[in-house]
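Chains as they are written, first to last, in our numbering: chain A, 13 to 161; chain B, 2 to 389.
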């Protein structure tokens with residue numbers, strides 16, 4: 013569903029992408045990201061969407077979970093423009109950190125890319141975007157209206 | 002009216018320095034431990050319970066008690082970031098009340114200012130790390146900026162209103178000879194300071210300091226033979242606020258639960274409070290706490306802090322009369338300990354005369370640990386003067 017944006021992704025190219033922990037509970041999630049798919053863990057007993065994935069449901073305690081593909085769409089719940097940063101992020105300023113409320117419910121941390129930082133606003137409709145072989149997922153202003161196949 | 006208290010604070014000490022490159026963290030612990038015990042009129046040999054956070058050197062209580070020469074009957078290394086020390090006072094009060102100990106020592110120390118250019122202290126990642134550490138939240142600042150932006154979106158809070166909090170702290174800090182920043186600032190000064198992470202300016206942020214402090218919590222019978230006016234621990238409570246399986250709500254903190262629980266135990270209400278030490282890592286931290294503790298309605302914090310409400314001695318709710326973390330001291334990036342100490346000064350009548358609240362009988366101490374934009378701990382203490 014989410015097309016990969018080739019070798020470059022304007023805005024995100026300067027972002028460091030740290031390795032993730034080798035954790036059986038989150039491995040399918042990160043393998044999904046590498047393949048350009050945003051997967052959400054869902055509880056088979058109470059149907060809760062589990063965020064962040066952890067291999068069991070913190071709502072009902074069930075260890076029976078499944079992976080489902082997210083729509084990739086959401087809205088900006090809040091954001092900040094980092095104009096000063098530190099360490100390996102110092103060179104990436106200005107960049108936008110945001111909580112995105114996914115259509116499936118969870119509010120997840122990410123970056124908003126592909127738009128001038130000062131044009132981002134709370135409530136903005138966004139869609140997920142990834143980079144080929146990348147280990148992260150970002151959001152950009154939604155360009156394709158309506159439901160996606 | 003004299004309220005019963007299970008335990009009292011008999012001694013406090015805040016390290017007078019704000020940059021201490023010539024001491025180890027353990028040495029700073031020792032200095033503040035001895036300082037607080039001297040303030041109480043007690044010695045290391047009197048201590049039978051010891052509390053420190055789990056960021057402390059070696060194996061926490063075990064290493065530090067050996068270093069300090071303490072043999073304890075009760076110990077606790079609760080670590081909820083900057084609110085840890087309020088939790089320690091809470092747990093010390095419970096242990097004293099249960100007869101498990103009579104003299105509890107709480108120490109904290111760190112060198113965040115001297116070490117800020119060095120490598121970050123090693124700490125095992127939490128299970129959430131991979132979902133939060135790849136978006137450039139490279140400083141606590143970025144995390145709290147997300148909170149401030151949401152509060153502005155929901156309630157119309159303005160940068161000028163947040164600036165009022167810094168202005169009040171700076172007015173108080175001018176009277177504290179140990180404060181890192183002693184020059185009063187205006188709302189315009191805050192707004193004109195560099196925007197670091199929208200909507201937070203440089204002057205919305207606390208200071209970075211070395212330092213530390215200690216508190217001695219004792220049983221009322223021990224306190225009777227001591228020189229300092231006893232400060233009663235009347236109520237205490239803790240609560241976590243976490244991301245709730247993705248149900249993030251950034252305009253509410255754990256103070257919404259720890260506050261009412263502490264008020265209930267002390268049998269007082271927000272309107273009864275004469276002085277408040279409110280955790281002020283950022284201006285927005287104070288605004289949210291004031292709302293969640295019930296000093297004003299949710300969303301009305303911006304209006305509450307305007308017109309000098311936080312100014313001592315005569316504002317509606319004098320706060321952080323030592324200059325707080327915004328101007329005075331935020332040792333080891335954990336501001337809870339100075340908050341307790343300034344509340345004790347107020348209740349003893351030992352604050353600076355320019356900011357001493359007249360007839361200060363009831364004080365609230367609010368600690369916030371961790372990060373409000375992701376997960377944070379809240380701890381609230383209600384303290385009373387000897388005759389409160």
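Each residue gets a CB set at the ideal place from its N, CA and C atoms; glycine is no exception.
- Scanning its chain for C-beta atoms nearer than 6 angstroms, with the 5 sequence neighbours on each side dropped, one finds around residue 327(B) the residues 167, 170, 207, 281, in chain order.
- In this model, residue 88(B) and residue 53(B) are separated by some 10 angstroms (Cα to Cα).
- Just so you know, the alpha carbons of residue 59(B) and residue 67(B) end up roughly 11 angstroms apart.
- Distance check between residue 274(B) and each of 257(B), 317(B), 339(B), 292(B) places 317(B) closest, using alpha-carbon atoms only.
- Residue 193(B) has a beta carbon lying at 8 angstroms or more from every beta carbon in chain A.
- Exclusion of the five residues before and after residue 72(A) leaves 55, 57, 58, 60 as the residues of its chain whose Cβ lies within less than 8 angstroms of its Cβ.
- DSSP lists no bridge partner for residue 127(A).
- Annotation: Cβ neighbours of residue 150(B) in chain A (cutoff 8 angstroms, chain order): 90, 91, 92, 134.
- When C-alpha distances from residue 79(B) are compared across 61(B), 65(B), 94(B), the shortest belongs to 61(B).
- When 7 angstroms is used as the limit between beta carbons, residue 101(A) is near these residues of chain B: 137, 139, in chain order.
- Taking one beta carbon from each stretch, the region 289-309 of chain B and the region 255-274 of chain B have 3 or more pairs nearer than 8 angstroms; the two touch.
- Every unbroken stretch of the beta strand (DSSP E) spanning 3 or more residues and falling wholly within the region 132-211 of chain B is given here in chain order: 196-198.
- For residue 21(B), there is no enclosing beta strand (DSSP E), as DSSP gives it neither H nor E.
- The three-state reading of DSSP puts residue 47(B) in helix, counting H, G and I together.
- Of the other Cβ atoms in all chains shown, 16 or more fall within 10 Å of the Cβ of residue 348(B); this residue is therefore buried.
- With contact defined as three or more Cβ pairs closer than 8 angstroms, the region 332-347 of chain B and the region 359-373 of chain B are in contact.
- When only Cα atoms are considered, residue 110(B) and residue 229(B) end up about 24 angstroms apart.
- Taking a C-beta distance under 8 angstroms as the contact criterion, residue 329(B) and residue 134(B) do not qualify as a contact pair.
- Here residue 219(B) is near residue 8(B), since their CB atoms are less than 8 angstroms apart.
- Note on geometry: alpha-carbon atoms of residue 29(B) and residue 216(B) lie some 14 angstroms from one another.
- In this structure, the alpha-carbon of residue 204(B) lies about 24 angstroms from that of residue 376(B).
- Under DSSP, residue 328(B) forms no beta bridge with any residue.
- A Cβ-Cβ contact shorter than 8 angstroms links residue 369(B) with residue 84(B).
- Chain order gives no chain B residues near residue 45(A), where near means a beta carbon separation below 7 angstroms; the closest approach is about 10 angstroms.
- Bounds of any alpha helix (DSSP H) do not take in residue 110(B); it lies within the beta strand (DSSP E) bounded by 104-112.
- Residue contact check for residue 49(A) against chain B: no CB pair falls below 8 angstroms.
- At a cut-off of 8 angstroms, the C-beta of residue 144(A) has no neighbouring C-beta in chain B.
- Residue 337(B) has its alpha-carbon roughly 15 angstroms from the corresponding atom of residue 240(B).
- Look at residue 69(B) here: in three-state DSSP terms it is helix.
- For the pair residue 128(A) and residue 146(B), the Cα-to-Cα distance works out to about 18 angstroms.
- Contacts between residue 128(B) and chain A, judged by CB atoms closer than 9 angstroms, involve 33, 35, 37, 38, 64, 66 in chain order.
- Interface annotation for the region 179-208 of chain B against chain A: 195, 196, 197, 198, 199, 200, 201, 203, criterion Cβ-Cβ distance under 9 angstroms.
- Residue 14(B) carries a strand assignment under DSSP once its states are collapsed to helix, strand and coil.
- Excluding residues up to 5 positions away in sequence, 37, 38, 41, 53 lie with their Cβ nearer than 7 angstroms to the Cβ of residue 65(A) in the same chain.
- In this structure residue 22(B) is exposed. Its beta-carbon is surrounded by fewer than 16 other beta-carbon atoms within 10 angstroms.
- Taking the beta carbon of residue 146(B) as reference, the chain A residues within 7 angstroms of it are 92, listed in sequence order.
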